[in-house]
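Plus 6 on top of the position in the sequence shown (first one is 1) and you've got this note's numbering.
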Amino acid sequence: MPEDGRGILLVEDDPALALGLSDSLRFEGYRVVHTAKGQKAIELAATEGVDCVILDLMLPDINGYQVCETIRRSDPILP
């Protein structure tokens with residue numbers, strides 16, 4: 007279990023799946039930041055200091071590939 011509360015950005019538009027993943031990750035000690043929108047994910051990746059991104063590819067506003075490309079331009083080492 008991570009003792010330093012490492013942050014994970016969860017980008018998932020299915021509420022049931024997002025809830026299950028969030029609960030499981032929090033149970034394991036992670037700090038979870040969730041959004042269902044790609045554009046918001048880009049903002050959160052820049053401001054929340056997360057260590058990892060779990061990214062759905064089929065999002066309602068922009069697709070996950072575009073989100074990944076945009077995040078990688080500003081933080082090329084974020085997994």
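All C-beta atoms in this analysis are idealised placements derived from N, C-alpha and C, irrespective of residue type, glycine included.
For clarity, every value in this text was computed on a predicted model and none was experimentally measured.
Whole-angstrom C-beta distance between residue j and residue i, which should lie under 8 Å
i	j	result
residue 47	residue 41	5 Å
Proximity test, residue i beta-carbon vs the ligand ATP heavy atom, cut-off 8 Å
i	result
residue 31	Of ligands this structure carries none, so the ligand ATP is not represented either.
Sequence-distant residues of the same chain with beta carbon closer than 6 Å to residue i, five excluded per side
i	result
residue 66	19
Boundaries (first-last residue) of the beta strand (DSSP E) holding residue i
i	result
residue 61	58–61
residue 14	13–17
Proximal residues to residue i (C-beta, below 8 Å), its chain only, five neighbours per side dropped
i	result
residue 70	17, 44, 61, 62, 63 and 64
residue 7	Note that residue 7 has pLDDT 46, beneath the 50 cutoff, so the model's placement of it is unreliable and no number is given.
Candidates the options: closest to residue i by CA position
i	options	result
residue 135	25, 11, 74 and 23	Look at the range of the chain in this structure, 7 to 85, and you will see that residue 135 is not part of it.
residue 56	25, 76, 72 and 81	81
Residue i, enclosing alpha helix (DSSP H) - first and last residue
i	result
residue 54	Residue 54 -> no alpha helix (DSSP H), and no H or E assigned at all.
residue 21	21–33
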